[in-house]
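Chains as they are written, first to last, in full-length UniProt numbering: chain A, 1 to 417; chain B, 1 to 417; chain C, 1 to 417; chain D, 1 to 417.
The structure appears right after this line, and notes come after that.
There are 4 protein chains.
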Amino acid sequence: MPEVVFPLDSNKKFTDQQIVGHNRWHPDIPAQVRVKPGDVFRVDCREWFDGAIQNDDSAEDILHAPLLSVHTLSGPIAVEGAEPGDLLIVDIVDVGPIPQEDSGPLAGQGWGYTGIFAKANGGSFLTDQFPDAYKVIWDFRGQVATSRHVPGVSFTGIIHPGLMGTAPSAELLAKWNAREQALIDTDPDRVPPLALPPNPDSAILGSLSGAEFDRVAAEAARTAPPRENGGNQDIKNLSKGTRIFYPVFVDGAKLSVGDLHFSQGDGEITFCGAIEMGGFIDLHVDLIKGGMQTYGVSENAIFMPGNTEPQYSQWLAFSGTSVTLDGEQRYLDSHLSYQRACLHAINYLTKFGYTPEQGYMILGAAPIEGRLSGVVDIPNSCSTVYLPTAIFDFDVRPGPGGPHQIDPGQGVPKASF
Amino acid sequence: MPEVVFPLDSNKKFTDQQIVGHNRWHPDIPAQVRVKPGDVFRVDCREWFDGAIQNDDSAEDILHAPLLSVHTLSGPIAVEGAEPGDLLIVDIVDVGPIPQEDSGPLAGQGWGYTGIFAKANGGSFLTDQFPDAYKVIWDFRGQVATSRHVPGVSFTGIIHPGLMGTAPSAELLAKWNAREQALIDTDPDRVPPLALPPNPDSAILGSLSGAEFDRVAAEAARTAPPRENGGNQDIKNLSKGTRIFYPVFVDGAKLSVGDLHFSQGDGEITFCGAIEMGGFIDLHVDLIKGGMQTYGVSENAIFMPGNTEPQYSQWLAFSGTSVTLDGEQRYLDSHLSYQRACLHAINYLTKFGYTPEQGYMILGAAPIEGRLSGVVDIPNSCSTVYLPTAIFDFDVRPGPGGPHQIDPGQGVPKASF
Amino acid sequence: MPEVVFPLDSNKKFTDQQIVGHNRWHPDIPAQVRVKPGDVFRVDCREWFDGAIQNDDSAEDILHAPLLSVHTLSGPIAVEGAEPGDLLIVDIVDVGPIPQEDSGPLAGQGWGYTGIFAKANGGSFLTDQFPDAYKVIWDFRGQVATSRHVPGVSFTGIIHPGLMGTAPSAELLAKWNAREQALIDTDPDRVPPLALPPNPDSAILGSLSGAEFDRVAAEAARTAPPRENGGNQDIKNLSKGTRIFYPVFVDGAKLSVGDLHFSQGDGEITFCGAIEMGGFIDLHVDLIKGGMQTYGVSENAIFMPGNTEPQYSQWLAFSGTSVTLDGEQRYLDSHLSYQRACLHAINYLTKFGYTPEQGYMILGAAPIEGRLSGVVDIPNSCSTVYLPTAIFDFDVRPGPGGPHQIDPGQGVPKASF
Amino acid sequence: MPEVVFPLDSNKKFTDQQIVGHNRWHPDIPAQVRVKPGDVFRVDCREWFDGAIQNDDSAEDILHAPLLSVHTLSGPIAVEGAEPGDLLIVDIVDVGPIPQEDSGPLAGQGWGYTGIFAKANGGSFLTDQFPDAYKVIWDFRGQVATSRHVPGVSFTGIIHPGLMGTAPSAELLAKWNAREQALIDTDPDRVPPLALPPNPDSAILGSLSGAEFDRVAAEAARTAPPRENGGNQDIKNLSKGTRIFYPVFVDGAKLSVGDLHFSQGDGEITFCGAIEMGGFIDLHVDLIKGGMQTYGVSENAIFMPGNTEPQYSQWLAFSGTSVTLDGEQRYLDSHLSYQRACLHAINYLTKFGYTPEQGYMILGAAPIEGRLSGVVDIPNSCSTVYLPTAIFDFDVRPGPGGPHQIDPGQGVPKASF
């Protein structure tokens with residue numbers, strides 16, 4: 001086991017740990033950990049809601065999840081010698097659930113959850129069709145996930161960090177805040193909101209305190225979106241063995257990581273989210289000095305996925321176009337066409353006995369693939385979603401005999417609101 | 001070789017063939033070919049511009065391409081016993097360039113082309129950055145493509161039909177026309193246009209003539225977009241061995257196919273388009289009676305890709321978010337985030353000596369993958385584009401030595417206009 | 001289509017063709033075809049028994065197959081500039097059944113066969129268990145094979161040439177003849193024989209005639225075994241897109257090719273053999289001058305397989321050790337342990353209703369993998385054979401419900417003798 | 001972490017542990033651990049030489065390795081309800097090096113070794129060419145292995161247990177002893193020996209003691225070879241996610257496991273062996289009652305490999321035939337043809353600057369594939385060995401520029417003897 005530079009105790013809250021992490025982006029959150037290029041080290045990561053979600057059959061905790069306090073990030077970690085303009089090489093040496101803890105009340109202790117936010121609480125990709133709060137619990141056996149709430153499926157998780165990135169410079173942060181506020185201002189009362197402005201409430205800023213805490217908390221960016229620094233990219237392919245190249249915007253790079261996922265489908269369409277868990281990540285870091293200019297990577301990470309992702313060779317795929325459910329034609333809207341493809345897949349699964357919520361959860365948690373198949377054929381884009389047939393215990397393909405009927409069991413817990 | 005039910009002579013124009021196909025969608029275009037469930041048969045397909053594009057070093061032909069006459073589709077093919085409500089099973093038994101014709105003036109005779117439309121002529125996915133008309137020629141050696149206009153790359157083509165589908169019912173056609181016209185009406189003078197309304201000019205309608213031709217030509221839908229019937233989906237994974245399930249809207253299903261591609265990246269981002277070619281496709285058809293209801297597939301094709309797609313195990317991936325190049329924040333716009341990811345990839349390739357146009361052409365023609373990685377993290381979606389490193393003759397990965405420099409050669413032909 | 005430098009007419013015997021090939025190895029068989037480094041060209045290939053095997057339900061033709069006349073090779077093809085000591089690069093640009101001929105009496109016209117020789121007639125890998133002559137017919141649909149004699153399986157063929165190689169030098173040929181005769185001499189009356197000595201009977205030697213024919217026929221090596229020049233390697237992974245490097249022993253290299261297979265399992269355990277067919281192969285050639293010394297490749301081909309082999313992600317594997325069926329312990333005998341693994345697989349398949357012969361035929365024809373798993377653990381080697389589960393129409397995995405029962409149908413034709 | 005039913009302390013010898021395992025096969029070694037069908041549990045495993053091999057630059061420890069004491073197996077583990085005739089389902093839930101111990105003197109603590117035995121001490125697959133004792137040390141970073149003794153290569157390990165199996169019945173054990181002694185008797189003084197007879201010296205038999213120990217020690221089979229019970233199969237594909245089906249010969253099945261490998265090439269050709277390490281394995285067990293008869297699996301394991309093995313898409317392959325280096329023709333000897341293929345690969349690698357020993361070590365430790373390509377083409381079998389090109393830091397393919405030259409560095413340590 002590499003040296004644990006950022007340890008977490010599963011029995012303590014995120015703010016009571018030996019080293020306190022952060023849940024906002026700001027250049028002035030101090031690095032409390034230092035590593036050198038070439039180092040390999042372990043970082044413990046907290047599940048993104050810091051233990052608020054329980055291993056039970058109720059979705060009330062999802063409905064009342066503390067949205068202001070996410071994501072509980074481990075870091076910042078300073079890399080010696082890193083300067084603005086460099087590319088920070090980060091190798092994901094290993095990543096997994098909480099080691100040596102196979103049961104317990106914290107997601108990552110042998111189990112994880114997938115939630116869907118209620119529309120009033122952030123919503124999800126298909127919030128108009130699924131406006132309530134839902135939750136399913138997944139049990140881990142090695143790298144395989146199954147759920148008492150979703151019978152008939154089991155799949156090899158594609159474990160990855162949902163969120164990793166470097167600190168923004170002051171200039172970059174200011175740019176984020178300006179452009180996101182401008183968007184919010186176009187419809188400030190929208191539910192769910194268009195974006196999340198800085199909010200000192202529930203801010204966690206590492207070792208900061210006093211006036212400096214207040215200043216930074218007022219300015220610091222929320223961690224929900226991916227941005228130029230990487231951040232909450234939710235790319236399921238950042239699996240073990242992946243090499244990522246992050247732009248460096250501040251001295252020391254100030255790397256942070258969190259929001260580990262046991263598995264996820266492309267898009268993390270349920271929003272809350274993949275199969276969420278706490279755990280560990282072992283990283284190796286290095287630098288390409290001046291690499292942002294040399295390779296033209298001034299923003300957003302580039303990466304090379306690992307070579308041990310679960311292999312499936314047979315897929316059942318669904319397509320969608322950019323026409324709304326009400327029949328309105330939109331112009332090359334790939335977001336919409338992916339929604340339609342996902343809805344087609346969910347509808348298909350209901351013919352086998354699944355509830356729509358179960359189908360939705362499968363798409364959110366299993367290693368499905370979402371592709372931008374056609375983006376130019378005016379006015380319709382074409383998106384596609386691919387389900388590996390081998391994750392189902394039964395034959396999920398269309399055939400002359402009609403769909404096999406599963407017993408949906410207790411189904412997906414839903415919040416009463 | 002299966003029986004050729006729809007033959008084409010490479011030396012004759014599309015309208016001079018033994019059986020004349022069509023370039024519009026309408027239920028009343030008569031089927032001139034009949035097949036039975038269980039049949040395997042060959043259909044010749046014309047390259048989508050009917051030979052207007054030459055194997056030369058000029059893009060003038062792309063600038064002046066006859067947009068009103070696309071796509072030159074082979075069909076309609078009536079399937080005995082097919083009725084509205086059925087699912088039509090179509091197996092792609094084989095598909096390839098024009099057999100036994102390895103050289104000649106027609107795309108598909110040992111070569112193909114990728115074009116980018118000028119903004120005034122339809123544009124492309126990145127039309128703001130690439131407003132002119134461009135063309136590259138690809139040479140085929142077996143299943144491998146190389147280009148005198150794009151040095152340093154060679155790749156195994158993922159051959160597929162860009163367009164296949166069943167005929168719409170009259171009701172469905174009316175719905176298409178209404179919703180697309182409504183979109184056009186929101187900005188009727190836009191360049192490029194938002195959608196393409198019915199246009200009798202250059203319409204080809206099989207065996208129709210006279211008043212019936214005029215009536216149908218005035219109503220028939222253009223073939224550019226994918227729609228409920230499948231159509232121009234441009235899904236690169238409809239490769240050999242793929243099984244597709246199409247909804248049936250009219251008696252006989254009236255299957256049509258065309259727009260063959262030797263290879264394509266996800267999205268067909270160059271618009272004109274993939275590696276375009278004429279060729280042949282061998283199909284097997286069958287029916288699931290009442291399958292639309294049984295499986296909940298009321299629109300858009302579902303499919304199972306073949307198992308001989310080219311395998312690559314190392315990828316270099318680029319990410320993008322939904323912020324415009326001008327810094328404007330958009331709300332969960334996956335179309336935009338894919339544009340940004342593609343622009344990042346192109347910019348990266350220029351560091352190795354490629355011109356931006358060469359980089360763009362690689363993304364359009366090679367078997368790259370475009371994924372909807374994050375679609376819920378307000379306000380930024382995250383899209384990713386994956387390049388197989390093995391298609392480059394040199395090491396395309398970032399490293400301490402800096403990028404290898406290629407000689408871009410003559411580069412990509414551009415129209416003078 | 002590349003230029004056909006070695007054409008074959010399906011309606012004529014091998015010896016009546018425009019260019020007559022050969023069925024023996026000798027440096028003095030004249031090259032009648034010349035190509036240059038960089039050329040791409042097509043070679044038609046005859047099925048190895050020159051049409052003696054019929055598409056019927058009898059194995060009599062296998063029992064009486066003309067063993068002295070195999071293999072009907074296309075060549076020799078001289079490569080300009082090739083000299084002893086060079087490496088000849090051969091790219092398999094494409095390979096397939098007889099083009100444009102989907103039905104007919106010749107294997108390769110839409111069908112192929114797998115035979116098992118009777119013990120008295122050459123035997124097979126499991127000749128003690130299967131001492132008679134058997135045959136199954138496979139039908140091709142695109143790249144997929146099915147058989148009326150083996151229900152419940154269908155698989156994507158991994159098309160390849162069973163035999164390709166360069167001509168031996170006179171010295172090398174003499175070495176072959178000496179060492180093989182020495183082996184024969186250890187048990188000259190063995191049935192089946194230990195090796196096949198030169199035999200002028202049924203020899204075909206291209207354009208040779210008269211005394212030169214007689215001299216060469218008396219010396220020329222039979223084509224059954226693989227040797228230093230490549231030859232009958234029966235490597236199923238020489239699929240489309242493969243690059244092979246052959247040692248050159250004579251001026252012009254004198255490349256020959258034949259024995260095309262629609263599919264084969266590792267080992268070609270049925271001997272007669274894979275799915276045999278005639279067809280075509282498109283090749284590209286080039287030279288590495290002096291490459292034998294530079295790369296240390298003085299004998300036997302090295303190669304890089306293509307990247308479009310059929311993909312399967314779930315396998316059921318069987319192991320065997322080097323103990324005979326009679327319980328005798330042998331010392332690290334990987335040949336024996338592979339026999340035992342194959343017998344285990346066949347026995348397993350009989351539990352699902354297959355006859356042993358059907359099981360054997362599946363292993364011989366489907367893309368199974370045979371691996372040398374353990375070769376040092378005295379006294380037992382461990383070999384393994386992997387079956388892709390997806391080739392079966394039913395669930396072939398062990399489970400609590402017991403094996404699904406197929407209807408074996410008419411079964412495998414067997415010769416009456 | 002599942003419950004650890006068989007714990008090992010890295011600081012204690014195998015015989016000083018809380019539960020003492022065994023290094024011989026015998027039905028009467030008592031099970032000290034009990035599990036139930038459906039259980040998931042952890043078993044710690046000792047590296048096979050119990051710590052005798054050091055992380056240094058000398059091969060003296062390999063020369064003097066305590067061969068009589070291998071393998072240090074964890075078990076027997078009794079499975080409730082298992083009876084002779086059942087199939088024991090074993091799922092490899094997870095497997096890896098010693099958890100949480102990244103450095104230390106025991107193989108498995110962040111490092112492992114590959115050794116080659118001297119000919120006088122057991123030899124190896126290529127002992128005639130490599131008659132001395134050699135050793136290389138591999139360092140682990142996550143799932144990647146590199147070595148200071150073998151520059152220029154790094155690969156993703158395919159972690160697996162080399163040895164796992166059920167206890168033999170008394171009858172089966174007697175059969176083993178009889179047949180192996182019969183083999184030994186054919187050449188009792190051979191070096192290396194043909195097989196290893198029971199030997200009470202260094203026997204470890206769990207909780208047995210006194211006269212019962214002596215009786216069992218005198219009868220118990222050595223663990224070197226794989227046999228009907230599974231045993232030392234050294235199948236590299238028993239990776240995480242694999243399901244294995246073992247025959248049950250005694251009540252409780254008495255499962256044992258050990259000899260973990262961080263990686264291995266097909267065949268484990270170096271004999272001492274793969275990348276050897278201690279570590280842990282998490283197992284899930286279940287039963288198919290009467291499954292041996294139902295599925296015809298009366299001996300040797302059958303298995304379904306996991307789906308997260310490292311993926312490589314480009315391979316360089318070498319072939320060999322059954323002719324000895326001295327030019328003697330052997331009859332269909334796949335063992336010999338694999339030796340020749342491996343020697344070809346090693347010779348090729350020396351052209352890039354590797355020493356022959358370095359080449360040999362790469363084949364022994366990296367995830368190479370060894371295939372039985374042709375087993376019927378008298379008199380030559382054809383075996384092939386496939387190297388993934390991506391494991392090399394340089395371009396290992398043949399090309400016009402000649403082989404890249406590496407610096408072999410200190411090379412492979414060799415024992416002085």
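C-beta: ideal position from N, C-alpha, C; glycine also.
Requested in this report: Answer with yes or no whether the minimum CB distance from Q311(A) to chain C is below 8 Å.
Outcome: Along the first sequence, read from residue 1 onward, the residue named residue 311(A) stands at position 311. Judged by the 8 Å Cβ criterion, Q311(A) is in contact with chain C.
Requested in this report: Check whether the region 78-94 of chain C touches the region 54-65 of chain C, taking contact to mean three or more Cβ pairs, one atom from each stretch, closer than 8 Å.
Outcome: no
Report task. With DSSP as the reference, label T321(A) as helix, strand or coil. Result -> Position 321 of the first sequence holds residue 321(A). Three-state result, T321(A): strand.
Requested in this report: For the region 236-314 of chain B, list the beta strand (DSSP E) runs that are entirely contained and at least 3 residues long, ordered along the chain.
Outcome: 243-247, 255-261, 271-276, 279-288, 302-304
Requested in this report: Tell me whether D61(D) sits in a helix, a strand or coil according to DSSP, three-state version.
Outcome: Working through the fourth sequence from its first residue, we reach residue 61(D) at position 61. Helix at D61(D).
Query raised in the report: Could you check where the beta strand (DSSP E) with F41(D) kicks off and where it finishes?
Result: Here residue 41(D) is taken as the residue at index 41 of the fourth sequence, counted from 1. For F41(D), the enclosing beta strand (DSSP E) starts and ends at 40-45.
**Report entry** Identified DSSP bridge partners for F392(B)
**Finding:** For this step, residue 392(B) is matched to residue 392 along the second sequence. Per DSSP, V153(B).
Query raised in the report: Cβ of W111(B) less than 8 Å from any chain A Cβ?
Result: Position 111 of the second sequence, counting from 1, holds the residue named residue 111(B). For W111(B), the answer is no, since every Cβ of chain A falls outside 8 Å of its Cβ.
Query - Residue range of the beta strand (DSSP E) that includes W111(B) - result: On the second sequence, residue 111(B) is found 111 positions in, with the first residue counted as 1. Counting along the chain, the beta strand (DSSP E) containing W111(B) begins and ends at 111-116.
Query raised in the report: What is the DSSP secondary structure of F49(D), reduced to helix, strand or coil?
Result: The residue labelled residue 49(D) in the question sits at position 49 within the fourth sequence. Three-state DSSP puts F49(D) in coil, outside helix and strand.
Query raised in the report: Considering G137(D), what are the terminal residues of the alpha helix (DSSP H) in which it resides?
Result: Translated into the one-based positions of the fourth sequence, residue 137(D) becomes position 137. The identity of residue 137(D) in the sequence shown is Ile, whereas the question assumes Gly. It is not in any alpha helix (DSSP H) - I137(D) instead sits in the beta strand (DSSP E) that spans 134-141.
Query raised in the report: Who are the near neighbours of V20(A) in its chain, counting only those whose CB is closer than 6 Å to its CB and skipping five residues on each side?
Result: On the first sequence, position 20 is the one that residue 20(A) refers to. Here the set comprises G206.
Query - Spatially closest choice to residue 436(B) from M292(A), V150(A), P398(A), by CA coordinates - result: In the structure as shown, chain B begins at 1 and stops at 417. Residue 436(B) is therefore absent and cannot be evaluated.
Query raised in the report: Should R190(B) go down as buried or exposed, given a rule of 16 or more other Cβ atoms within 10 Å for buried?
Result: In the second sequence, counting from the first residue as 1, residue 190(B) sits at position 190. Burial call: exposed.
Query raised in the report: Mind checking whether V385(D) and I269(C) have CB atoms under 8 Å apart?
Result: Along the fourth sequence, one-based indexing puts residue 385(D) at 385. Along the third sequence, one-based indexing puts residue 269(C) at 269. Against a cut-off of 8 Å, the Cβ pair of I269(C) and V385(D) comes out as no contact.
Query - chain A contacts made by the region 343-370 of chain B, where a contact means CB separation under 8 Å - result: Shown in chain order are the members of the region 343-370 of chain B whose Cβ falls below 8 Å from a Cβ of chain A: H344, N347, Y348, T350, K351, E369, G370.
Requested in this report: Look at the alpha carbon of F245(C) and the alpha carbon of G230(C), and state the distance between them as a whole number of angstroms.
Outcome: Taking the first residue of the third sequence as position 1, residue 245(C) is located at position 245. Taking the first residue of the third sequence as position 1, residue 230(C) is located at position 230. The straight-line gap from Cα to Cα measures roughly 9 Å.
Query raised in the report: Quick one: is V250(B) near chain A, going by C-beta distance under 8 Å?
Result: Within the second sequence, residue 250(B) is the residue found at index 250, counting from 1. Not one chain A Cβ lies under 8 Å of V250(B).
Query raised in the report: Anyone know if the C-beta pair for Q237(B) and E299(B) falls short of 8 Å?
Result: Taking the first residue of the second sequence as 1, we reach residue 237(B) at position 237. Taking the first residue of the second sequence as 1, we reach residue 299(B) at position 299. As written in the sequence, residue 237(B) is Asn, which differs from the Gln given in the question. The answer is no: Cβ separation not under 8 Å.
Query raised in the report: Counting Cβ pairs, one atom from each stretch, are 3 or more of them under 8 Å apart for the region 325-332 of chain C and the region 313-332 of chain D?
Result: no
Query raised in the report: From V150(B), G374(B), I368(B), T294(B), pick the residue whose C-alpha is nearest to that of F352(A); which is it?
Result: For the purposes of this step, residue 352(A) is identified with residue 352 of the first sequence, where counting begins at 1. Comparing Cα positions, the closest option is T294(B).
Report task. For E180(A), count neighbouring Cβ atoms within 10 angstroms of its own Cβ and tell me buried if that reaches 16, exposed if not. Result -> As a working note, residue 180(A) is residue 180 in the first sequence. Buried, since its Cβ has 16 or more Cβ neighbours within 10 Å.
Requested in this report: Mind reading off the beta-carbon distance from Q339(D) to F125(D)? Whole number of angstroms is fine, and I expect it under 8 Å.
Outcome: Working through the fourth sequence from its first residue, we reach residue 339(D) at position 339. Working through the fourth sequence from its first residue, we reach residue 125(D) at position 125. Their Cβ separation, rounded to whole angstroms, is 6 Å, which keeps Q339(D) and F125(D) in contact under 8 Å.
Requested in this report: Output, in chain order, the set of chain D residues within a Cβ distance shorter than 8 Å of E180(C).
Outcome: As a working note, residue 180(C) is residue 180 in the third sequence. Those are Q329, P379, listed as they occur along chain D.
Report task. Classify P161(D) as buried or exposed, calling it buried when 16 or more other Cβ atoms lie within 10 Å of its own Cβ. Result -> Counting from 1 along the fourth sequence, the entry for residue 161(D) is found at position 161. Per the 10 Å Cβ criterion, buried.
**Report entry** Ranges of the alpha helix (DSSP H) found wholly within the region 335-407 of chain B, counting only runs of at least 4
**Finding:** 356-365
Requested in this report: Determine the contact status of I159(B) and F6(B), defining contact as a CB-CB distance below 8 Å.
Outcome: To locate residue 159(B), count along the second sequence from 1; it is residue 159. To locate residue 6(B), count along the second sequence from 1; it is residue 6. Their beta carbons are not under 8 Å apart, which means I159(B) does not touch F6(B) by this criterion.
**Report entry** Beta carbon proximity, R227(D) to chain A, threshold 8 Å
**Finding:** The sequence position of residue 227(D) within the fourth sequence is 227, counting from 1. It does not: the Cβ of R227(D) has no partner Cβ on chain A nearer than 8 Å.
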